[in-house]
Amino acid sequence: MSLVLRGVDKRYGAVTALDSVDLEVARGSRTAVVGPSGSGKTTLLRVVAGFDRPDDGRIVLDGTVLHDGIQHLPTHRRGVGVVMQDGALFPHLTVGENIGFGLPRETPDRARRIATLAEQVGLDASMLPRRPDALSGGQQQRVALARALARQPRLMLLDEPFSALDTALRASTRQMVADVLGAAGITTVLVTHDQAEALSFADQVAVMAGGRLLQAGTPRELYFHPRAPLVARFLGDAVILSATVADGVARCALGAVPVSDRAARGQRQIMLRPEQLVVAEGGAVRGVVEQVAFNGPFCSIALRLPAHPEPLALRQSALAPPAPGTEVGLSVQGVAHVFAAEAGAAG
Amino acid sequence: MTAIPVVAVGDEDGVYARPMPWLRLRPSPRLLVAGAALLVSLLMLLPLGFVAGMGVQAGWQTVLVLVVRPRVGELLVNVVALVVLTLPLATALALALAWLTERSDIPGARLWSALAVAPLAVPAFLHGYAWVSLFPSFHGLGAAVLLSVIAYAPFLYLPIAAMLRRLDPGLEDSAGSLGLPPWRVFTRVVLPQLRLAICGGALLVGLHLLAEYGLYGMLRFDTFTTAILDQYQSAFNGVAANMLAAVLVLLSLTLLGGEALLRGTARYARLGGGAPRPATRTPLGRLTHPCLAALVLLQVAALGVPGVTILRWLVAGGGAVWQAAEIGPALASTAELAILGAVTATLLSVPMAWLSVRAPSRLQRVLEASNYVVGALPGVVTALALVTLAVTALRPLYQTTFTIVLAYALMFLPRTMLSLRAGLAQAPVELEHAAASLGRSPLRAVWAVTARLAAPGAAAGLAMVALGITNELTATQMLAPIGTETLATRFWSYTGELDYASAAPYALIMVLLSIPMTWLLYVHSKRTAGR
Chain A
695 MSLVLRGVDK RYGAVTALDS VDLEVARGSR TAVVGPSGSG KTTLLRVVAG FDRPDDGRIV
755 LDGTVLHDGI QHLPTHRRGV GVVMQDGALF PHLTVGENIG FGLPRETPDR ARRIATLAEQ
815 VGLDASMLPR RPDALSGGQQ QRVALARALA RQPRLMLLDE PFSALDTALR ASTRQMVADV
875 LGAAGITTVL VTHDQAEALS FADQVAVMAG GRLLQAGTPR ELYFHPRAPL VARFLGDAVI
935 LSATVADGVA RCALGAVPVS DRAARGQRQI MLRPEQLVVA EGGAVRGVVE QVAFNGPFCS
995 IALRLPAHPE PLALRQSALA PPAPGTEVGL SVQGVAHVFA AEAGAAG
Chain B
128 MTAIPVVAVG DEDGVYARPM PWLRLRPSPR LLVAGAALLV SLLMLLPLGF VAGMGVQAGW
188 QTVLVLVVRP RVGELLVNVV ALVVLTLPLA TALALALAWL TERSDIPGAR LWSALAVAPL
248 AVPAFLHGYA WVSLFPSFHG LGAAVLLSVI AYAPFLYLPI AAMLRRLDPG LEDSAGSLGL
308 PPWRVFTRVV LPQLRLAICG GALLVGLHLL AEYGLYGMLR FDTFTTAILD QYQSAFNGVA
368 ANMLAAVLVL LSLTLLGGEA LLRGTARYAR LGGGAPRPAT RTPLGRLTHP CLAALVLLQV
428 AALGVPGVTI LRWLVAGGGA VWQAAEIGPA LASTAELAIL GAVTATLLSV PMAWLSVRAP
488 SRLQRVLEAS NYVVGALPGV VTALALVTLA VTALRPLYQT TFTIVLAYAL MFLPRTMLSL
548 RAGLAQAPVE LEHAAASLGR SPLRAVWAVT ARLAAPGAAA GLAMVALGIT NELTATQMLA
608 PIGTETLATR FWSYTGELDY ASAAPYALIM VLLSIPMTWL LYVHSKRTAG R
């Protein structure tokens, strides 16, 4: 493991920002920390960077203790790179000077290193003498990344670095960052409130809420097998139903649905993703279409079932959507996820 | 790393040491800064505490005898009349100038706008000198009001013009579309939005009216400030002077309170990032020439009279008035005091400015506000407190550079604090964090980033205060070490002897020194308003 957090607590007055957080990040991997605002994800990043001091717990990076109550390594000795939401470029320095800020003056070939770093993040050399305010948002984030890369950090912390960019630029910048960090083999922690970004960027996703780390795992694991309904809902639309589970089958408003956990039994909550519900003529369950919303690539359908109080959300190709008011059949693809008994009750 | 008692704790990663929580030692720079800010604030409160202390010491009976007497009544009538007449006139003049330069199609609007600020380059007492030497019988309330309006209207013009530029023209367009004729748009939409600018500017002018010594001394118009100085210079009567100072403090506090009351709680939030397009200028039509004539007349009074007077006396005096043996040392000691005072004020304002940007809290806001209130008190109060304190308790400090520099620092600290605060606001803490993550230690991060970014603001404040000290007369006269003559005190003693020609070189130097700062002030107000 590269980065290890154990029982990290942080309080600001009466507010508990981090509540005994445990997290492990494998060397060279990319972890995304997601959660709603106020969940503690940025605080987590700040205590790892050393901007804030945890009240308790321990943080270790590649065997070096960053914080454990006895030792507290200040930020500038941690070897941790940080890219902040707005880039935090120094307005009084040129782009080149910003990139070279962390390089010691006596670095051999300093100018060439700066040029190489700029090239690495896809910045034109003509931008080096400019002031940061002459750059677009995407370019500023590239400068911030090059600046952080210059010190060859062991760990890169990204604090919502793409949130200020427009949608098209966001995807391409994200890909560029993933490529550059992947090529350099730098362990990365990304903080974001955008679940799609987290799922596509990371090898590991950690979901936080109320200062607690609810679950960490691979994107697939979290998406299809969330530990709690809260995690399920945060990572995407979810159809959550009450069911009686026995012998690998859940009996619910959708009829008999196979479940992933064959050992589960009793009164439980199960979850399906909207894309698992497919409108099909021969479907065993029938319902009435209440609403159809066109979203471009797909349409969202609200379907009312006779045996369920709330309409179900499902997704279908936008090519031939059913008309509101019509009765359609429904079939379930794949298996449903069964929440643990206590998690279902809590959610 | 600090060596502190630990207990061993085990978990799945093995055993590691954990400090006993109640013994965790954290060096807190914030606490040190807060302590420093508190000390400076207490120092700032010294003059006020002193006035109160003198009153308590003298006893209620003595205070009554000294305060309730015809002389105080006369002064009160003078000062109230001065304030009540000057403020509306100056506001009306500033409003007219601001509207002409910002919203009308008057030819040469930019030039007139610069000229509207230009009287600030002429210290108020130079206006007095110019008019009195031209018209020797120019005295009394009318003269005082006229010259006060001319000298201080720029303090109202600057914020009003800046606000006029920032107003969203869309509001006026909507008002017009709702059927309001132009003049109703001005009174119902524009004027209410200018209220904050008018209140702030009027307060500043009012405080100057209370604090000014040289101008009213020239015009033989008695105010509390001139009376305190006379009392101090003729017969040093500590208690009597201090009771006059107490009344002056009450008047200043009344102005501050009145401004707060008038300003109300209204804040005109602007939506969006400033005016999206410039407001349309109203054509003056046939009024163009009368307006131009009025502007020319005003500038003749505001700049022509001092300019012509200084030149006239310089020509009359010829080479004889340029006494290098006098001017040189005066320039040197002025520079010394100005730089020492400005640097001290800047240094003293660092802790509070830092706290107010980086770690604001309720207590900090109260302390900061108290600094502004104390800084708003007339310099004569501060000077009197320091003189009395030095004479009675700290004799070795009497008439030393230390005392006068301290007085300057206390008087001008709010100005350096404002500039520093604005400078520090340019350097968000995230930039320091970024520097730390790039390997800079906390102190080096502050130096490489925050200090660089705050420097222009701090330098502007420093220069402004240095200029203020250069033109300062009241505290300088009371506190300057024996034998130390500044430009202002030399000028003052020559005019006191009616030797206007010998005073002229000092007047010229003071004006020349003031021009760059006035220009800076003008440019700065344009730039901030443009944002």
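Chains as they are written, first to last, in the numbering used here: chain A, 695 to 1041; chain B, 128 to 658.
Note that CB positions come from ideal geometry on N, CA and C, so glycine has one too.
Because the structure is a prediction, the values reported are computed rather than measured.
Compute the Euclidean distance between the alpha carbons of residue i and residue j, then round it to the nearest angstrom.
| i | j | result |
| --- | --- | --- |
| S231 of chain B | Q426 of chain B | 19 Å |
| V715 of chain A | L699 of chain A | 7 Å |
| D713 of chain A | L783 of chain A | 32 Å |
| D965 of chain A | F1033 of chain A | Reading off the sequence, residue 965 of chain A comes out as Met, not Asp. If you take the alpha carbons of M965 of chain A and F1033 of chain A, they lie about 8 Å apart. |
| L398 of chain B | A163 of chain B | Low local confidence applies: a pLDDT of 46 at L398 of chain B is under 50, so the model's placement there is unreliable, and no value is given. |
| R772 of chain A | R806 of chain A | 25 Å |
| Q358 of chain B | A368 of chain B | 6 Å |
| A1007 of chain A | F313 of chain B | 56 Å |
| D300 of chain B | L378 of chain B | 42 Å |
| P478 of chain B | F928 of chain A | 44 Å |
| Q869 of chain A | A844 of chain A | 19 Å |
| Q963 of chain A | Q985 of chain A | 25 Å |
| G876 of chain A | R721 of chain A | 11 Å |
| L1024 of chain A | V973 of chain A | 5 Å |
| A947 of chain A | S954 of chain A | 18 Å |
| I596 of chain B | V160 of chain B | 27 Å |
| Q526 of chain B | P608 of chain B | 4 Å |
| R413 of chain B | A421 of chain B | 14 Å |
| G384 of chain B | T622 of chain B | 37 Å |
| V136 of chain B | G904 of chain A | In this predicted model, V136 of chain B has a pLDDT of only 40, less than 50, meaning its place in the structure is not dependable enough to derive any value. |
| P678 of chain A | R157 of chain B | Residue 678 of chain A cannot be examined here, being either before or after the span of chain A that is shown, 695 to 1041. |
| L202 of chain B | L342 of chain B | 16 Å |
| R439 of chain B | L253 of chain B | 14 Å |
By the criterion of Cβ-Cβ separation under 9 Å, what are the contact partners of residue i in chain B?
| i | result |
| --- | --- |
| G775 of chain A | S564, L565 |
| R848 of chain A | Near R848 of chain A there are no residues of chain B at all, since even the closest Cβ is about 12 Å away, more than 9 Å. |
| R841 of chain A | A561, L565 |
Quick one: what's residue i bridged to in DSSP?
| i | result |
| --- | --- |
| A937 of chain A | A:R962 |
| Y706 of chain A | A:V709 |
| R945 of chain A | A:T938, A:A950 |
| L851 of chain A | A:V776, A:V883 |
| V556 of chain B | In DSSP, V556 of chain B forms no bridge with anything. |
| D750 of chain A | A:D703 |
| S1011 of chain A | A:F992 |
| M902 of chain A | A:L907 |
| A726 of chain A | A:L884, A:V899 |
| G732 of chain A | Beta-bridge pairing links G732 of chain A to no other residue. |
| T409 of chain B | B:S231 |
Rounded to whole angstroms, how far is the Cβ of residue i from the Cβ of residue j, which I believe are closer than 8 Å?
| i | j | result |
| --- | --- | --- |
| M902 of chain A | V727 of chain A | 6 Å |
| I531 of chain B | L606 of chain B | 4 Å |
| P286 of chain B | A243 of chain B | That belief does not hold up - the Cβ atoms of P286 of chain B and A243 of chain B are roughly 12 Å apart, past 8 Å. |
| Q1010 of chain A | F992 of chain A | 6 Å |
| W574 of chain B | L600 of chain B | Actually they do not touch by this definition, with Cβ atoms about 38 Å apart. |
| V1022 of chain A | V983 of chain A | 6 Å |
| I277 of chain B | A429 of chain B | 5 Å |
Using a Cβ cut-off of 9 Å, pull out every chain A residue sitting near residue i, in sequence order please.
| i | result |
| --- | --- |
| L580 of chain B | F784, P785, H786 |
| P215 of chain B | Going along chain A, no residue has its Cβ under 9 Å from P215 of chain B, so there is no contact; the nearest lies around 43 Å. |
| P569 of chain B | P768, T769, H770 |
Output, in chain order, the set of chain A residues within a Cβ distance shorter than 8 Å of residue i.
| i | result |
| --- | --- |
| S155 of chain B | By Cβ distance, chain A contributes nothing, its closest Cβ being about 11 Å from S155 of chain B, past 8 Å. |
| H560 of chain B | A743, F745, T769, V776, M778, A782 |
| E557 of chain B | M778, D780, A782 |
List the residues of chain A that residue i touches, going by C-beta distances under 7 Å, in chain order.
| i | result |
| --- | --- |
| V576 of chain B | F784 |
Applying a beta-carbon distance threshold of less than 8 Å, which residues of chain B neighbour residue i?
| i | result |
| --- | --- |
| V845 of chain A | With the sequence shown as reference, residue 845 of chain A is identified as Arg, and Val is not the correct amino acid for it. Near R845 of chain A (Cβ distances below 8 Å), the residues of chain B are L565, G566. |
**Near-chain A residues of the stretch 477-493 of chain B - C-beta to any C-beta below 7 Å** = Only those residues of the stretch 477-493 of chain B whose C-beta falls short of 7 Å from the nearest C-beta of chain A would be listed, and there are none.
**Prompt:** According to a CB-to-CB cut-off of less than 8 Å, which residues of the stretch 582-604 of chain B neighbour chain A?
**Reply:** Going along the stretch 582-604 of chain B in chain order, one finds no residue with a Cβ nearer than 8 Å to chain A.
**Prompt:** Listed in chain order, which residues of the stretch 786-802 of chain A have Cβ atoms closer than 8 Å to some Cβ of chain B?
**Reply:** Going along the stretch 786-802 of chain A in chain order, one finds H786, F795, G796 with a Cβ nearer than 8 Å to chain B.
**Request:** Using a Cβ-Cβ cut-off of less than 8 Å, give me the residues of the stretch 532-554 of chain B that come near chain A, in sequence order.
**Result:** So the close ones are Q553.
**Prompt:** What residues in the stretch 497-529 of chain B bring their beta carbon closer than 7 Å to a beta carbon of chain A?
**Reply:** For the stretch 497-529 of chain B, which is checked against every Cβ of chain A, not one residue is closer than 7 Å.
**Request:** Taking a Cβ distance cut-off of 8 Å, strictly less, list which residues of the stretch 941-958 of chain A are near chain B, in chain order.
**Result:** If you check each beta-carbon in the stretch 941-958 of chain A against every beta-carbon of chain B, none falls closer than 8 Å.
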